[in-house]
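Be aware that the sequence shown starts at 724, since it is given in the numbering used here, and climbs by one per residue.
Beta carbons are placed, not taken as given, at the ideal position from N, Cα and C, and that holds for glycine.
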Amino acid sequence: MIDLCMVWRREDQKQPALDAIREAALYYKNKKGKLPNFVNVPPGFLTADEAAQLQQRWTVAQNAPAYFRNDIWLGEKSLASDGGGLPTAADVTTEGSKS
724 MIDLCMVWRR EDQKQPALDA IREAALYYKN KKGKLPNFVN VPPGFLTADE
774 AAQLQQRWTV AQNAPAYFRN DIWLGEKSLA SDGGGLPTAA DVTTEGSKS
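Here is the structure:
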């Protein structure tokens, strides 16, 4: 179950996917006070390697509406008690955050 959700639009389609997700996560953290642990992007937004990298700490879905190619859905998903999938502060930096 997704408890909170935010949609982030990547401004530049040429921006690397992981950079866009990092920027969105920083914005989310600044607004909500903690990092998201769930991301949903349209099919083709991430390469297989990028998805695998994110899945080490995040719950990743790739079924967001394809007609919104630059939208990143972020949120907080209820997780099992082991806390698996939670991103750490090391997953994002404070550089490039929006106000």
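Option in the options with minimal Cα separation from residue i
i	options	result
Phe791	Gly798, Asp772, Asn763 and Ser801	Asn763
Asp742	Leu769, Lys757, Ala789 and Ala784	Leu769
Length of the line joining the Cα atoms of residue i and residue j
i	j	result
Glu776	Asp726	This sequence places Gln at residue 776; Glu is not what is there. Computed Cα separation, rounded: 23 Å.
Leu758	Ala740	18 Å
Gly798	Tyr751	8 Å
Thr782	Lys755	18 Å
Ala747	Pro765	15 Å
Gln738	Cys728	22 Å
Beta-carbon proximity of residue i to residue j, cut-off 8 Å
i	j	result
Asn793	Arg732	yes
Asn753	Lys800	no
Ala771	Gln785	no
Reduced DSSP category for residue i - H, G, I as helix; E, B as strand; rest coil
i	result
Lys754	helix
Glu734	coil
Leu749	helix
Unbroken beta strand (DSSP E) run spanning residue i, endpoints
i	result
Leu797	Asp794 to Lys800
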